[in-house]
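Chemist: Let me begin by handing over the structure; questions about it come next.
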Amino acid sequence: MLKVLYFASLRERLGVEQESLALPADRTVAGVIDALISAHGDRWQHALKDDPILTAVNLEMCDVAQSVEDNDEVAFFPPVTGG
């Protein structure tokens, strides 16, 4: 199982802070995103694919090609802007 975390406005938009997900056949962050969209539908599609997001695996920033293994922590959060 993977531990999936959602942060900041993404967490508010989806209405969930974290969830567990079985390791998808495509063992990448992109595969995790596809599995989440398949499980949850349009709202996740818009939040995780249509809008820009940042990703991390085990506290390390990465892109969607990053591989994942059982018991990894995958985090999604919106880009941070500042002034």
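Under UniProt numbering, the letters of the sequence shown match residues 1 to 83, in that order.
Positions of the beta carbon are idealized from the N, C-alpha and C atoms, including for glycine.
Everything numeric in this text was worked out from a predicted model, so none of it was measured.
1) Specify the secondary structure class of residue 17 as computed by DSSP and reduced to three states.
2) Identify the continuous beta strand (DSSP E) that holds residue 5 and give its terminal residues.
3) Cutting at 8 Å between CB atoms, please list the residues of its own chain near residue 20, excluding the five before and the five after it.
4) If you check the beta carbons only, do residue 29 and residue 64 fall under 9 Å apart?
5) Secondary structure at residue 54, three-state DSSP: helix, strand or coil?
Modeler: Looking at the atomic coordinates:
1) Counting from one through the sequence shown, the residue named residue 17 turns up at place 17. The DSSP-derived three-state label of residue 17 is coil.
2) In the sequence shown, the residue the question calls residue 5 occupies position 5. From DSSP, the beta strand (DSSP E) with residue 5 extends over 2 to 6.
3) To locate residue 20, count along the sequence shown from 1; it is residue 20. 1, 2, 3 and 4, listed in sequence order.
4) Mapped onto the sequence shown, residue 29 falls at position 29. Mapped onto the sequence shown, residue 64 falls at position 64. Yes, these two residues count as a Cβ contact at 9 Å.
5) Counting from one through the sequence shown, the residue named residue 54 turns up at place 54. Secondary structure of residue 54 (DSSP, three-state): strand.
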